[in-house]
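Numbered according to full-length UniProt numbering, the sequence shown spans residues 1 to 374.
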Amino acid sequence: MTDELIRHLNLSPEVGRIASRLSEAGERYRLSDADALVLMREAPIALLGALAVARKREVSGNEVYYNRNIHIEPTNICVFKCRFCSYRRGAGEPDAWYHDLDAVERLAAERQGEPITEVHIVGGVHPDHDLDYYCEMIRRVKKALPHVAVKAYTAVELHYIIGKAGLSLEAGLRRLREAGMEAIPGGGAEIFDPEIRGRICPEKPSAAEWLATHEAAHRLGLSTNCTILYGHIERYEHRIDHLRQLRELQDRTHGFDAFIPLKYRNMHNSMSAIGEVSLPEDMKMMAISRLYLDNIPHIKAYWPMLGIGATELALSFGADDIDGTIDDTTKIYSMAGAEEQRPRLTTERMERLVRTAGFEPIERDTFYRPVSRQ
């Protein structure tokens, strides 16, 4: 199908050359930054989809993954004031919330007996808590749900709390791992370009600090995810530079399990005057991610952010993971205006979504091991 498209589409010489190399060599052909930029600017969306699905099939066959998970968001009170964030509040503001350790433990205990395999803990960077507090939070969750994997704290949270403790990244991560943390989510990467990052989140840890946190985690054997926030004031060049830095780190460590392109949503934040990018632009970002990140096994279409319809479409643009059931436990994207205001999907609905797109649904755990249900 891809070869036929290449023959019949009226492609520019450069797009035709790159597409032919990808089609002929598959995963043996590594896109350069210049290649990726040409594809982003000039390639027809149908061609990008065909190339990305072909690459996805080389990596994960016909399988698309999902998991049974919940989120715990202890607080949206945050020391940082990122311009794109609709979630952050200051202490005492009307929409601010805070769950203390007992409340977090109760939230976890409410899920006892449910077949979830992962608890995902992220939130605002609260000014009053330290590393001991965050270690105890993990211990409380593991006490309530001992057989469930804990994926906890973005690199932004980790950099702040470990720095506050006066420890090296590895020493702080060891303490969290000893408390029961098993994996790290990918949030907080935003965009790595220093000029753009300085305009949208000037207070946040730098790109180098985000990358160093994940590299330290990989050295300790912790698997992590990675992300990009796209569709705001960045240009295509900034997106590709961001992907390149992730690919280079993955070449060194092989510690990233999945990459998640996160779309900027423009409600209730100080960048709301910026319109959201179109659905074709979302699919282009998904496809380029799959083609460029040849060393990251999985590309995730995060359904609470994209919406269910766009998530199904993303499976035809290289995504092979749709995240999990979530059960209305995250507010990060609903507060920014995403279609899914109360994000919740049953496993039956997720499997139907995957099959409708022409793929085979596989329930996974945090580490992409298939889960067998008898």
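We put the beta carbon where it would ideally sit given N, CA and C, even for glycine.
Starting from Thr-224, follow the beta strand (DSSP E) in both directions and report where the run begins and ends. Residues 223-230.
Would you mind working out which of Thr-154, Ala-216, Ala-36, Gly-309 sits nearest Thr-227, comparing C-alpha positions? Of all alpha-carbon atoms in Thr-154, Ala-216, Ala-36, Gly-309, the one lying nearest the alpha-carbon of Thr-227 is that of Thr-154.
How would you call Arg-265, buried or exposed, if buried means at least 16 neighbouring beta carbons within 10 angstroms? Arg-265 is buried by the Cβ-count criterion.
Tell me the rounded alpha-carbon separation between Met-40 and His-242. Each residue's alpha carbon lies about 14 Å from the other.
In terms of DSSP beta bridges, what is Asp-321 paired with? Beta-bridge partners assigned by DSSP to Asp-321: Tyr-65, Lys-300.
Rounded separation between Ile-45 and Ala-287 - CA only: Those two C-alpha atoms are separated by around 9 Å.
Residue ranges of each beta strand (DSSP E) within the segment 193-275, 3 or longer: Within the segment 193-275, the complete beta strand (DSSP E) runs of at least 3 residues are 223-230, 256-263.
Nearest to His-120 by alpha carbon, out of Glu-348, Cys-82, Ile-184, Glu-105? Answer by Cα proximity: Ile-184.
Report yes or no: do the segment 302-315 and the segment 94-103 share at least 3 C-beta pairs separated by less than 8 Å? Cβ pair count under 8 Å is below three, so no.
State the beta-bridge partners of Ile-121 as determined by DSSP. Looking at the DSSP output, Ile-121 sits in a beta bridge with Ile-72, Ala-152.
Can you tell me which of Tyr-66, Val-79, Arg-55 puts its alpha carbon nearest to the alpha carbon of Arg-352? If you compare the alpha carbons of Tyr-66, Val-79, Arg-55 with that of Arg-352, the shortest gap goes to Tyr-66.
Cβ neighbour criterion (16 or more within 10 Å) applied to Thr-346: Thr-346 should be labelled exposed.
Specify the secondary structure class of Glu-182 as computed by DSSP and reduced to three states. Strand at Glu-182.
Are Met-271 and Ala-314 touching if we call contact CB-CB under 8 Å? Not a contact, by the Cβ cut-off of 8 Å.
Helix or strand or just coil, what does DSSP make of Arg-89? In this structure, DSSP gives Arg-89 an extended state, which the three-state scheme calls strand.
Can you name, in chain order, every residue of its own chain whose Cβ lies under 6 Å from the Cβ of Arg-219, other than the five neighbours on each side? Around Arg-219: no qualifying Cβ.
Starting from the Cα of Ile-274, find the closest Cα among Ile-233, Arg-239, His-159 and give me that residue. Of the candidates Ile-233, Arg-239, His-159, the one whose C-alpha sits nearest the C-alpha of Ile-274 is Ile-233.
For Gly-124, which option in Tyr-134, Val-64, Thr-117, Ile-6 has the closest C-alpha, if you only look at C-alpha atoms? Comparing alpha carbon positions, the residue from Tyr-134, Val-64, Thr-117, Ile-6 closest to Gly-124 is Tyr-134.
Ile-322 to Arg-28, Cα distance in whole Å? Between the alpha carbons of Ile-322 and Arg-28 lies a distance of about 26 Å.
Are there 16 or more other CB atoms within 10 angstroms of the CB of His-298, so buried, or fewer, so exposed? With 16 or more other Cβ atoms from the protein chains shown falling within 10 Å of its own Cβ, His-298 counts as buried.
Looking at Val-79 and Pro-127, is the spacing between their C-beta atoms short of 8 Å? Judged by beta-carbon spacing, Val-79 lies within the 8 Å limit of Pro-127, meaning their Cβ atoms are closer than that value.
Can you tell me which of the three DSSP states Ile-191 falls into? In this structure, Ile-191 counts as coil in the three-state DSSP scheme.
Would you call Asn-62 buried or exposed, if buried means 16 or more other Cβ atoms sit within 10 Å of its Cβ? Under this definition Asn-62 is an exposed residue.
Tyr-292 by DSSP, collapsed to three states: which one? Of the three classes helix, strand and coil, the one that applies to Tyr-292 here is helix, per DSSP.
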